[in-house]
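Heads up, the thing below is written out as structure tokens.
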Amino acid sequence: MKKTVYTVWRPYVLLVVLCFIAYANTLYNGFVYDDPSVISENPRVAHWQNFRFLFDQKYFKITGKGKETAFGEASYRPVATATYFIDAMLFNRKAWGSHLTNLIFHMVNACLLFLLTRMITGSQITALMTGILFSAHPVLTEAVNAIAFREDLLVVFFLLIALLCFVKRQSSNSPKRTFIIILMHSICLFLALFAKEMALAYPFLLGVLVLQQGISFRKNTDLLISGAMVYLFYIIVRFFMMTNPNEARLFFPGGTWLSNVYTMSTVFLEYFIQLFYPACLLADYQPTARRTLTDPMVIISLVTVSGLFISAFFYFIRKRSIISGGILFFFFALGSVSNITPIGNICAERYLYLPIIGLLWSICTFIFVTQKFVHSKRLYLICIVCIVTLALSRTITRNTDWKDSESLWNATIETEPKSYRAYSNLASLYFDRGEYRKSIKYYIGCLMLRRTPQNHYNLGNAYRRIDDFQRAVEEYQQAIAIDPTFPEIYNNLGLTLIEMKRYTEAEEALNKALYYGQPDEYVLENLGLLYDHKGEYETAIDYYKKAIQYNPKKASPYNMLAVLYVKNGEPEKGLGLFKEALQRFPSNVQLYKNTAVLYNQLGDKMNEIFYWEQAHKIAPDDKEIIQILIDYYRQTGNTEKTQKYLYKLYILTKESR
411 MKKTVYTVWR PYVLLVVLCF IAYANTLYNG FVYDDPSVIS ENPRVAHWQN
461 FRFLFDQKYF KITGKGKETA FGEASYRPVA TATYFIDAML FNRKAWGSHL
511 TNLIFHMVNA CLLFLLTRMI TGSQITALMT GILFSAHPVL TEAVNAIAFR
561 EDLLVVFFLL IALLCFVKRQ SSNSPKRTFI IILMHSICLF LALFAKEMAL
611 AYPFLLGVLV LQQGISFRKN TDLLISGAMV YLFYIIVRFF MMTNPNEARL
661 FFPGGTWLSN VYTMSTVFLE YFIQLFYPAC LLADYQPTAR RTLTDPMVII
711 SLVTVSGLFI SAFFYFIRKR SIISGGILFF FFALGSVSNI TPIGNICAER
761 YLYLPIIGLL WSICTFIFVT QKFVHSKRLY LICIVCIVTL ALSRTITRNT
811 DWKDSESLWN ATIETEPKSY RAYSNLASLY FDRGEYRKSI KYYIGCLMLR
861 RTPQNHYNLG NAYRRIDDFQ RAVEEYQQAI AIDPTFPEIY NNLGLTLIEM
911 KRYTEAEEAL NKALYYGQPD EYVLENLGLL YDHKGEYETA IDYYKKAIQY
961 NPKKASPYNM LAVLYVKNGE PEKGLGLFKE ALQRFPSNVQ LYKNTAVLYN
1011 QLGDKMNEIF YWEQAHKIAP DDKEIIQILI DYYRQTGNTE KTQKYLYKLY
1061 ILTKESR
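If you read the sequence shown in our numbering, its first letter stands for residue 411, the second for the next number, and so on.
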């Protein structure tokens, strides 16, 4: 009995171990690509009270960190989003926990694929080989590494179970068992559809399976009707009730449907290259839009792709072969991401997570059939082991590229030096880190690829952060030359000109910012700063008040106005405004600092130290605050507190080395 159990579970254990070997190093990876905006930097998925928004139009806002729908999911995929809530609950949004979830799904998918393949081919060897190649193939690294692309893992998980239910239905004679199978099939189909639209290809995939296995449609009427009802419900919800307004902004590459056909034929050829030679994997594919049939690349792609599809189709009709059926499965599975209706990314490795199943069926069946004609079985086995080993090693090394955003996009540029997204993401990454000189290098790279006002604006912002004001002004002016109605450029140009003491030009720029855009607290505050620098305090006070009135939830205008009151010889007004601001913004450390400074000017040491203490509670790692407290308590002879803050300063200094 023990031997039988061991024999049954041995293939599953092998696949689980192989998946773990292939992807164990992903557990050390962070959040990359879309993960930060969708998960790690999106506080909405960490709170269960937001779970209800999965079922209304707010879904497109809660699935991203920004205020606009452009920052969230492009389409309605609540099942995938629900798993992010579960991750947040189980792992407190730690990256290793989310990667572990993806790894477990990949392991289970490999086992389910083995089981399904064995059922439809009747061959343990073919099934095991299919599962092994699926476990280790490098082209699947994007789907497993990127948490925000978990929908590909989920759609395969649920569709494999649905297909298993369909196959099991054929041998079910018990009404009760049949009912459970049909119910489970419907539930899995429902969850697959709401995980990702690729599940729309299921009827075609099922059709290939039914014809290949010689299954009667009539015998499965009940199951097919229940599935059709699930589809109808999904279509109503997805295309009529839960549409993303941003979908209307998408367009075909080249601008026409015909150019889309030409372009997508080259994309399909790219997929075949990556499947059979995954040496140059990319996180960002930007296929060239193909507009004419005379393009040599279009001719090669159309002949290759259409020839393969037509040959497989007619051979399948005649022979019902699993080899030709697997090829058809591959093409049908790619159907929903073939840009039939415009989608955001027309080429991505993650799209192959479902289609690769069909191709693996074809390849592994071909290997199993041809091995009978090979004289040296040992040599044949060695070749297969070498292929799996190479695939496994490529997968493991590719995972290291996904360690963090910096390594991913640098690896992308090494493979594809013209990747605009890679340059843009690295520039933003370094800018957010405060590494402005590095960000300048990549913003220049962005401009070399695309000369847009946004890129000039971003480069100007980076120059301004390193106090290279002249170059910042030049970049802002180049941005304005391209788009003279961009209000944010005028605002930052005005702020830079204030730093350069070119007040007349700054006033002109800030007034244009008001003219081309809605009045906002940033422009109004900067106008206040301008007149503050010019010494026109009353005008500055008016603009600071307008900024507060426009947005009372922003702390900096209160701070600037209170400081200005003090400069204008009205310290009591300034103190009153500081206290009012602290009631509104009790965690704003700068307000506490400025209030302490004001009390120092007023000679009120007790209140001054009170506010420094409060500032320290909010910013316990601020060495400047700690040093002020050390100096005060040393002067007043308070040895206990002096030693307390000296020790804190020592620890912080030691940690920073």
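Using N, Cα and C, we set each Cβ at its ideal position, and we do this for glycine too. Computed from a predicted structure; not experimentally measured.
Across the stretch 808-821 and the stretch 831-842, are there enough close Cβ pairs to call them in contact, namely three or more that are closer than 8 angstroms? The way I'd put it, the stretch 808-821 does touch the stretch 831-842; three or more beta-carbon pairs between them come closer than 8 angstroms.
Exercise. A916 lies in the alpha helix (DSSP H); which residues open and close that run?
Worked result: Run containing A916: Y913 to Y926, per the alpha helix (DSSP H) assignment.
8 angstroms contact criterion, which N1004 and V973 should meet: CB distance rounded: With a Cβ gap of about 6 angstroms, N1004 and V973 count as contacting.
Nearest CA to the CA of V870: which residue from Y852, G1047, A699 and E885? As written in the sequence, residue 870 is Gly, which differs from the Val given in the question. That would be E885, whose Cα lies nearest to the Cα of G870.
Q) Under a three-way DSSP split, which group does Y725 fall into? A) Of the three classes helix, strand and coil, the one that applies to Y725 here is helix, per DSSP.
With the cut-off set at 8 angstroms, would you say G541 and L523 are in Cβ contact? With respect to L523, G541 sits close: the two C-beta atoms are nearer than 8 angstroms.
So Y1057 packs on I1028, CB below 8 angstroms; how close in whole Å? Between Y1057 and I1028 a beta carbon distance of about 20 angstroms is seen, past the 8 angstroms cut, so the two are scored as non-contacting.
Report buried or exposed for D694, applying the criterion of at least 16 other Cβ atoms within 10 angstroms of its Cβ. Buried, because 16 or more other Cβ atoms sit within 10 Å of the Cβ of D694.
Original post:
Between the stretch 530-546 and the stretch 445-456, do at least 3 Cβ pairs fall closer than 8 angstroms?
Top reply: No contact exists between the stretch 530-546 and the stretch 445-456.
Out of curiosity, what's the CA-to-CA distance linking A609 and L599? Those two C-alpha atoms are separated by around 8 angstroms.
Review point. Who are the Cβ neighbours of Y932 in its own chain at under 7 angstroms, not counting the five residues just before and after it?
Key: These residues qualify, in order along the chain: N901.
Compare the C-alpha of S966 against each of K911, E1018 and E935 and name the closest. Looking at the Cα atoms, E935 is the closest of the given residues.
Legend entry - S849 beta carbon less than 8 angstroms from that of Y840: Result yes, Cβ atoms of Y840 and S849 sit closer than 8 angstroms.
Report task. Tell me whether V549 sits in a helix, a strand or coil according to DSSP, three-state version. Result -> Assigned with DSSP and collapsed to three states, V549 falls in helix.
**Prompt:** CB V549 to CB Q696, shorter than 8 angstroms?
**Reply:** The answer is no: Cβ separation not under 8 angstroms.
May I ask you to report which of helix, strand or coil DSSP gives H457?
The answer is coil: DSSP assigns H457 none of H, G, I, E or B.
Legend entry - Candidates P929, E917, L924 and G927, of which the one nearest H943 by Cα: The closest CA to that of H943, considering only P929, E917, L924 and G927, is found on E917.
Point to revise | Beta-carbon contacts of F544 that lie in its chain and below 8 angstroms, excluding the five residues immediately before and after | key: Within the same chain, F544 has close Cβ partners N519, A520, L523, L550, I766, I767 and L770.
message = Could you tell me which whole alpha helix (DSSP H) segments of length 4 or greater appear in the stretch 490-547?
response = Fully enclosed alpha helix (DSSP H) runs of no fewer than 4 residues occupy 505-531 and 534-546 of the stretch 490-547, in order along the chain.
Practice task
Determine the DSSP secondary structure at K1064, reduced to helix, strand or coil.
Solution key: If DSSP states are grouped into helix, strand and coil, K1064 belongs with the helices.
- prompt: Between the stretch 772-784 and the stretch 724-733, do three or more beta carbon pairs fall short of 8 angstroms?
  reply: Note that the stretch 772-784 touches the stretch 724-733; at least 3 beta-carbon pairs, one per stretch, sit closer than 8 angstroms.
Is there at least one Cβ from chain C nearer than 8 angstroms to R831's Cβ?
No chain C is part of this structure, which consists of one protein chain only.
Next on the checklist: So within the stretch 630-682, which uninterrupted alpha helix (DSSP H) runs reach at least 4 residues, ignoring any that extend past its ends?
Outcome noted: Runs of the alpha helix (DSSP H) inside the stretch 630-682: 631-646.
CB-CB length for E552 against A758, believed under 8 angstroms: Contact flag correct, Cβ pair sits at about 7 angstroms.
Use the C-beta contact count for L500: other C-beta atoms within 10 angstroms, 16 or more gives buried, fewer gives exposed. Exposed.
Legend entry - Which of helix, strand or coil DSSP assigns to V784: Coil at V784, not helix or strand.
- prompt: At which residues does the alpha helix (DSSP H) containing V577 begin and terminate?
  reply: Going by DSSP, V577 is part of the alpha helix (DSSP H) stretching over R560 to R579.
Using 10 angstroms around the beta-carbon of Q880, count the other beta-carbons present and answer buried if the total reaches 16, otherwise exposed. It counts as exposed.
Q | Simplified DSSP assignment, three categories, for D877 | A | It is coil, neither helix nor strand.
Give me the Cα-Cα distance between I951 and N502, rounded to the nearest whole angstrom. Cα to Cα, I951 sits roughly 45 angstroms from N502.
Legend entry - Nonlocal neighbours in the same chain, by C-beta distance under 8 angstroms from T895, ignoring five residues either side: The residues are Y926.
Quick one: Cα of S581 to Cα of F742, how far?
When rounded, the distance between both Cα atoms is 27 angstroms.
Practice problem: Note down, one range per segment and in chain order, each beta strand (DSSP E) of at least 3 residues found wholly within the stretch 417-468. | Solution: Inside the stretch 417-468, DSSP marks no whole beta strand (DSSP E) run of 3 or more residues.
Cut-off 8 angstroms between Cβ atoms - residues of its own chain near D705, not counting five sequence neighbours on either side: Annotation for D705: Y672 place their beta carbon closer than 8 angstroms to its own, counting only its chain and skipping 5 residues before and after.
Original post:
Ends of the alpha helix (DSSP H) at N936?
Top reply: E931 to K944 is the extent of the alpha helix (DSSP H) around N936.
Check: With Y763 and V566 assumed to form a contact (beta carbons below 8 angstroms), what rounded beta-carbon distance in angstroms separates them?
Finding: Right, their Cβ atoms sit about 6 angstroms apart.
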